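Here the sequence shown is numbered in this note's numbering, starting from 55 and rising by one per residue.
Read the structure below first, then the notes.
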Amino acid sequence: MDLKEIANALVAGCRDGREVENLDKLYASDAVSVEGTDHGSGRETKGLDGIKGKHAWWDSAMEVTRQEVSDPMLHGDDRFAVIFDVAAREKESGKTMQMKEVAIYHVADGKIVREEFFG
């Protein structure tokens, strides 16, 4: 897959609720995920299994009530950005939150190798 195909597949998966399904398809096994702030377990997660763990935590702790995902914005032949605008409810407390962030994805050899979230 080329950059545009990867970017479009990621966005389509996010819009359709197939984020976890897309991990094996789009991400390198040694991919790195970097959060803008430390949420208690460090900012950086290494490896596909760790990234899957982040998704599993989010899915178990949060209910997304609204999600808007921008079209991908390509940068050269190795990066793209996506803007996420999300409203969610913490399942345990019922507390609601609004979150808007930019995600930058780095691609090499047909796979996402790094994602960085700015928010």
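Backbone N, C-alpha and C define an ideal beta-carbon position, used for all residues, glycine too.
Since the model is a prediction, treat every value here as computed from it, not as a measurement.
Where residue i falls: helix, strand or coil (DSSP)
i, result
"K108", "helix"
"K100", "strand"
"E89", "coil"
"E59", "helix"
"D139", "strand"
"D113", "helix"
"D131", "coil"
Short Cβ contact (8 Å threshold) for residue i with residue j
i, j, result
"A135", "A157", "yes"
"I137", "A85", "no"
"S95", "E169", "no"
"L57", "D131", "yes"
"K145", "A115", "yes"
Endpoints, the beta strand (DSSP E) within which residue i is located
i, result
"K79", "It is not in any beta strand (DSSP E) - K79 instead sits in the alpha helix (DSSP H) that spans E73 to L80."
"E122", "M116 to V123"
"K145", "Taken as a continuous stretch (DSSP letters only), K145 belongs to no beta strand (DSSP E), as it is neither H nor E."
"K165", "K165 to F172"
"K154", "T150 to A162"
Expected contact under 8 Å - CB spacing of residue i and residue j to nearest Å
i, j, result
"A61", "P126", "3 Å"
"A142", "V123", "With 8 Å as the limit, A142 and V123 do not qualify as a contact, their Cβ atoms being about 14 Å apart."
"K106", "V74", "7 Å"
Contacting residues, own chain, Cβ-Cβ under 6 Å from residue i (five flanking each side not counted)
i, result
"K154", "D139"
"E89", "R97 and F171"
"Q121", "V140"
Sequence-distant residues of its chain with Cβ nearer than 8 Å to residue i (five each side left out)
i, result
"L102", "L77, D78, Y81, A82, S83, D84 and A85"
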